[in-house]
Amino acid sequence: MEKEIFEQGLNLNRRKFLSKLSLGVGSAALGSLLIPDLFKGGSPDEEAIMSALPHFAPKAKRVIYLFQNGAPSQLESFDYKPLLNKNIGQELPDSIRGGQRLTGMTAGQTSFPLVGSYFKFNQYGESRAWISEIFPHTAGVVDDICIIKSMHTEAINHDPALTFFQTGAQVGNRPSMGSWLSYGLGSENSNLPAFCVLLSRGKGNGQGVYSKLWSNGFLEATHQGVQFSNSEDPVLYLKDPKSMSRDERRKMLDQISAMNDLSYKEFNDPEISAKIQQYEMAYRMQTAVPEMTDVSKEPDSIIKMYGPDCLIPGTYAANCLLARKLSESGVRFVQLYHQGWDQHGNLPSEMALQAKDVDQASAALITDLKQRGMLDETLVIWGGEFGRTNYCQGKILEDNYGRDHHPRAFSIWMAGGGVKSGMVYGETDEFGYNISENPVHVHDFQATVMNLMGIDHERMTYKHLGRRYRLTDVSGHVIKDIIA
Amino acid sequence: MISLSSFRSILENTLFVWLGLALILTIGGDNLFLPEWLQVIGRSHPLILHFPIVLLLFGLLFFWIPNLNTKKDLKEFGELSFLLGCNFAGITVLAGLILAQENYEGAALDWHKWAGLAVFGLSTLLYFFRNQSIRFSKSLSAIIAVGVLLAGHWGADLTHGENFLLAPILKEEQETLALNEAEVFRDVVQPILQAKCISCHKEGKIKGELRMDQIDHIKKGGKSGPFVVPGDFDNSLLVTRINLPMEEKEHMPPKNKIQLTDEEKTILMDWVYSGASFDQKLEEIDSQTDLFQLASQKFTTTENYDFNSADPETISELNNFFREVAPVYPGSPALVVSYFGISAFDPSSLDELKAIGEQVVQLNLNKMPLEGVSFGFLSNFPNLRELQANFTNLTSDEISEISKLENLTSLAISGNTIDEKSLESLSKMKSLEKLFLWQTGLSDPQKDLLRNQLPDTKIEFGFDGRGVIYDLNSPTIISEINMFADSTKLEITHPIKTVEIRYTTDGEEPDSTSSSIYNEPIWINKTAEVKARAFAKDWKGSPSSSVLLFRSGNPPKELKLLTQPNPNYFGKGELTLIDQIKGKNNHTSGEWLGFQDEDPEVEITLADGQRPKELTLSLLYHEGAYIFPPTQVEVWISNNGNWEKIVDEVPAQSKDIKPSRFEALNYDMPNKEFNKVKIKMKTIKSLPKWHPGAGSKGWVFIDEISFLD
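If you read the protein sequences in the order shown, they are chains A and B.
Under this note's numbering, the residue at position 88 of the first sequence is numbered 88, and the numbers go up by one with no gaps.
Heads up: take any position in the second sequence, counting from 1, add 1000, and you land on this note's numbering.
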């Protein structure tokens, strides 16, 4: 506090000093050398980049990303490997492992016995894709989705891998994919945030999700993901107190905004203008959110389709339904996380429960978007941060086994939004350990999502601390083969 | 030390040497054989060329100084600079001519060469006739200056590529062609030939007697053979030449020219492979081929519209909090209009869109209350392609207005009731490619009828849930407290309000016929396991949910711990077991006593006159946290020191890992006089084989011991 009083007395603080310093041409040049961000936002190339967005006609207008947090096993879902059942208990050949590093959890293990899925697989749809019996509803929409069996990543532990998927870097502090899209494309509906986050937790062994995953990083604060609460009121503190009328609220906001405006003029701090905008949006959200989240008008068939859990706030099914409603209301990027997919042990029982949590609602989301004519313009993504090993962690029992983390090959699926439907892309070797064709790196995946949204991932950059950043860092190729 | 005048005369003489050599090189041209060391001189051309540019331009300036003849020193200085410039021009020209032998060719080279020679020649001329008329020297100097600039420009084109200098300001507006209009040769192959081949294979410069500037000539081929043979790589010189190693003389394009990219090579080869057709449409090719994949990216799949853009100011005026107006993509004249915010919807705002009526191709009115809105405004949108109006309470009159939209290709009106009249209107919409009619109340025969009438339209009727039977989810049992003195209120809810909830209080599984139906909150007045299930038509009955409620009864006088719990799970010590507070479903809550190394043993002194009929031990089971049922429970009673064992049993043991849960062990007390009770339990000493911690010691957790009268 003393510091603030002192600064006020001097009518000078660092920001003010710098803004005065920058009045002179020479000192401005000096300032820009010392503090590259001093003229942030005004750099002509950035403006040119932004004004050209999207870079071409977008195929998808919105994204719903169903993140399966904890890494669901590809070998019990979409990557059918009968050899593992045949060779159960046999050692993973060194030639296949190829020096792959291990996590701390199996580093001490002397044996790596192969284990195949205890769940049965069947082929479905026109694509004849193999899908395990614990995903019967997903199997029902197989001709609307594109399964990618050849994803690979660089990280081997949850947090870095998750952060890598979401922000393009394994360390934190970079903007999330949703923040990039919010920055690039803005919101369709100015009454709602462009980037919303919904969390749910399954019964399986879980891993944390942290707000850094939906952080705006170095982008302006308005691009941060807005986390919805798991309660009856998805956005907390939105209602006015009982004694306050809407007119009074308006008057109050006008006053606050006038004061904020004054200090913005004085300090030019972009955080202040972000704050003003957030107040205004919150005011509009007071009517927009209840309208949007109201499930009472949903027809009975919707409840049946998503499963009755969709009426219980905070469940995955409820979040899927909410995601559809948000998307329908023009929210650019809806990010779901469902925890509980980390099956180091008890895989058969836990994975069946996890699948039961998500299978029906994920498939319902596809069908629901489709029957409203929205699937063509909405990209739905389902998948975790990496895959799981083809060998058992711990002992193989008659009804129990576990799998460790595996970054070299795993499966995700995408649907709608300009992605080819009824397609299986990429292949792994017969051990399900290495990719044998069409590898898709996390940056390739990100580049493809951006491409579908009409953005050239190499051209949308943001200059921060003297270098230009992009979601895909310095690599990434658009997987053209899966684009319709 | 040579004097300035002799230095000058040497430079004047060398000018003629350069002139002579330049003449030989120019006339001799390709027929000369140049030794390798000369190549080094040739390649210094880009280095030395900077000297003549500066010196000549500097020297030329002096011709423009008024009354130069009167300023002797200045004149001398200017002349010397110009002379030096002429010499450097000569050396540069020579080096350039040598360099030109190294595989450079093309129009740019010719222009550059002759401009350079002209500059050199004219400069020499000007030097020797500098004292003729002022008019002559001035005009010639101006011509030379222009010549220097032009030669420099063409030279830059040679090294940096065509129009290097002006490229940034000469941005070509390239029209993107629609995919369905693109032709393989005209729009994909020819542009590559144009960019990478044609500079040497065209009229006036027909290398290898091959011309690519006309289709007839391409078909004919060149001196060495046919350019393309459909489907035949070996005999198509196009294919063989571009695939030769870089070092080969025949490799095309020549090594110092801009090379083909891998993508371009693939396109050219796939074109030959697919038949080298000159009039095939791109869409006619198999979409799985590389050719199609690579080529199709160059064209837009979005429609090209023939109307003009709307006024940007009008567009921004129409944007507000309840309506977004935006182009389909930047630069497109076509607009998308979306409405958001049901309560903010104002039907009259639809008429405001008239100003951009021609440009609107997509209109999104989902969920807006459109009932009774006059749909005449739709006639403002002659180019509307896509209309979304799901859940908008459309009337048949409104649908009949919609059916008049001739260019509509996609219509989403799910969630609106479609009556016979609307059905008739819809069946006339032959232009529709996609029609979304989920939740519209149409019968199966009506759906079939529509399918027959619109055979080319993809109609989506969606999921109606009929005949699909899924599990209901369990009801939620809400109790204020788990441990009560006399009675407690219990509520049971289910997210679907219309289900029937049935419950039992005796631990039995509820069924859909005989169990009690839940209508209002129920009161429980004894320790009981309440179970509830939900039932509804078209659903399978839910799994049961259950809750264990404890009646605490009356507290005893005193409780003594004969063995001590683990210090980490000590709760409030002895008081924990008789404080009549039910612990939370979490063994670390501080409301539990946890025993591992020692077997729990407690001694209880009853209150005066207390004659309990029942004893309840409140336990926590959680196999995942190594918390198991006790392997043995003994209950002893005593009346003034005579201990008698009344219970010795093995409670039901765990068979697998389940979530953390409450359990109550109930024992009847004998109808006898007694004032003390002793309870002994045994913890599990070796966890069973199925447990991950098989062989380790397990725990017993207990939070309450209660006596019911």
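Glycine residues also receive a C-beta, built at the ideal position from the N, C-alpha and C atoms.
Can you find a C-beta in chain B that's less than 8 Å from the C-beta of G42 (chain A)? Any answer about G42 (chain A) is weak, because its pLDDT of 43 lies below 50 and its placement is not dependable; what the coordinates show is given next. G42 (chain A) has a beta carbon lying at 8 Å or more from every beta carbon in chain B.
Look up K40 (chain A) in the DSSP assignment and say whether it is helix, strand or coil. Residue placement at K40 (chain A) cannot be trusted, given a pLDDT of 44 that sits under 50; what the coordinates show is reported in the next sentence. When DSSP states are grouped into helix, strand and coil, K40 (chain A) belongs to the coil group.
Should P1468 (chain B) be flagged as near chain A, meaning a C-beta pair shorter than 8 Å? Here residue 1468 (chain B) is Val; the residue named in the question, Pro, does not match the sequence. Against chain A, the CB of V1468 (chain B) has a partner CB under 8 Å away; the residue lies at that interface.
Excluding five sequence neighbours on each side, which residues of the same chain lie with their C-beta closer than 7 Å to the C-beta of M105 (chain A)? These residues qualify, in order along the chain: H344, Q393, D404.
Closest by CA to A57 (chain A), which one among A:M450, A:E126, A:F410? It is A:M450.
Can you tell me which residues form a DSSP beta bridge with M414 (chain A)? DSSP, once it has assigned bridges, lists A:C146, A:I381 as partnering M414 (chain A).
What did DSSP end up calling K59 (chain A) once you bin it into helix, strand or coil? DSSP places K59 (chain A) in coil when its eight states are reduced to three.
Burial state of T1488 (chain B), where buried means 16 or more other Cβ atoms lie within 10 Å: Classification of T1488 (chain B): buried, given that the 10 Å Cβ count is 16 or more.
Starting from V1328 (chain B), find everything on chain A with Cβ-Cβ shorter than 9 Å and list it in chain order. Within 9 Å Cβ-Cβ: A57, P58.
Which partner residues of S1545 (chain B) appear in the DSSP bridge assignment? In the DSSP output, where bridge partners are listed per residue, S1545 (chain B) has B:A1532.
Uninterrupted beta strand (DSSP E) stretches inside the segment 335-414 of chain A (no shorter than 3 residues): Counting whole runs of 3 or more residues, the segment 335-414 of chain A contains the beta strand (DSSP E) stretches 378-383, 387-392, 403-406.
Measure the CB-CB distance between T1124 (chain B) and L1015 (chain B) and report whether it falls below 8 Å. At a Cβ-Cβ threshold of 8 Å, T1124 (chain B) and L1015 (chain B) count as neighbours.
Cross-chain neighbours of Q427 (chain A) in chain B, by beta carbon under 9 Å: The residue you asked about is not Gln; residue 427 (chain A) is Glu in the sequence shown. What E427 (chain A) touches in chain B: nothing, since even the nearest Cβ is about 16 Å away.
Indicate whether the contact test is met: 3 or more Cβ pairs, each with one atom in the segment 1348-1355 of chain B and one in the segment 73-86 of chain A, closer than 8 Å. The segment 1348-1355 of chain B is not in contact with the segment 73-86 of chain A.
Measure from the C-beta of A139 (chain A) to each C-beta in chain B and report whether the shortest distance is under 8 Å. Output row for A139 (chain A): interface = no.
So G330 (chain A) and S182 (chain A) are supposed to be a Cβ contact under 8 Å. How far apart are they, rounded? Your pair G330 (chain A) and S182 (chain A) does not check out as a contact, with CB atoms roughly 12 Å apart and the cut at 8 Å.
Would F39 (chain A) be called buried (16 or more neighbouring beta carbons within 10 Å of its own) or exposed? Low per-residue confidence applies at F39 (chain A): pLDDT is 42, beneath 50, and the placement is therefore not dependable, though the value from the model is reported in the following sentence. Label assigned to F39 (chain A): exposed.
Which residue from B:K1249, B:G1624, B:V1647, B:V1635 puts its Cα closest to that of S1696 (chain B)? S1696 (chain B) has its Cα closest to that of B:G1624, out of B:K1249, B:G1624, B:V1647, B:V1635.
Residues sharing a beta bridge with K1428 (chain B), DSSP: By DSSP's assignment, K1428 (chain B) forms no beta bridge with any residue.
If the cut is a Cβ gap below 9 Å, which residues of chain A does E1420 (chain B) touch? Neighbours of E1420 (chain B) on chain A: none; closest Cβ ~22 Å, over 9 Å.
Local conformation of M281 (chain A) per DSSP, three classes: In the three-state reduction of the DSSP assignment, M281 (chain A) falls in the helix class.
Could you check whether L1442 (chain B) and L1418 (chain B) sit closer than 8 Å to each other, using their CB atoms as the reference points? A small correction: the amino acid at residue 1418 (chain B) is Ile; Leu does not occupy that position in the sequence shown. The answer is yes: Cβ separation under 8 Å.
Using a Cβ-Cβ cutoff of less than 6 Å, which residues in the same chain neighbour N1473 (chain B) once the five nearest sequence positions on both sides are dropped? Excluding sequence neighbours, N1473 (chain B) sits near S1542.
Alpha carbon to alpha carbon, how far is D261 (chain A) from A28 (chain A)? Give it in angstroms, no decimals. With a pLDDT of only 40 at A28 (chain A), under 50, the local geometry of the prediction cannot be trusted, and no value is derived from it.
For V209 (chain A), does the count of other Cβ atoms within 10 angstroms reach 16, so buried, or fall short, so exposed? The residue in question, V209 (chain A), is buried, as its Cβ has 16 or more Cβ neighbours within 10 Å.
Any heavy atom of the ligand FMN inside 7 Å of the beta-carbon of K149 (chain A)? The ligand content of the structure shown is nil, which means the ligand FMN is not present either.
When you compare the CB positions of I435 (chain A) and A409 (chain A), do they come within less than 8 Å of one another, or not? Yes.
Please report the residue range of the beta strand (DSSP E) in which R468 (chain A) lies. For R468 (chain A), the uninterrupted beta strand (DSSP E) run begins and ends at 467-469, by DSSP.
Please name the residue in A:N230, A:S150, A:Q90, A:L102 whose C-alpha comes closest to that of G432 (chain A). Nearest C-alpha to G432 (chain A): A:S150.
Can you give me the C-alpha to C-alpha distance between K1672 (chain B) and E1649 (chain B), rounded to a whole angstrom? Their backbone Cα atoms lie some 21 Å apart in a straight line.
In the DSSP assignment, find the unbroken alpha helix (DSSP H) run with F1120 (chain B) in it and report its ends. 1107-1128 is the span of the alpha helix (DSSP H), which, as asked, contains F1120 (chain B).
Residues, ordered as in the chain, of the segment 1400-1425 of chain B that lie near chain A by beta-carbon distance below 7 Å: Contact residues of the segment 1400-1425 of chain B toward chain A are S1410, A1412, S1414 (C-beta to C-beta distance below 7 Å).
Going by C-alpha distance, which of B:W1539, B:Y1626, B:V1017, B:V1361 is nearest P1382 (chain B)? Ranked by how close their Cα comes to the Cα of P1382 (chain B), the residues B:W1539, B:Y1626, B:V1017, B:V1361 have B:V1361 in first place.
If L1405 (chain B) sits next to L1435 (chain B), beta carbons under 8 Å apart, how far is it from one beta carbon to the other, in whole angstroms? The pair is not a contact, with the Cβ atoms about 13 Å apart (cut-off 8 Å).
Quick check: what's the CA-CA separation for M281 (chain A) versus L192 (chain A)? CA-to-CA, the gap between M281 (chain A) and L192 (chain A) works out to about 7 Å.
Keeping to the same chain, check which residues put their C-beta closer than 7 Å to that of N87 (chain A); ignore five residues upstream and five downstream. Within the same chain, and ignoring the five residues on either side of N87 (chain A) in sequence, the residues whose Cβ sits closer than 7 Å to its Cβ are L114.
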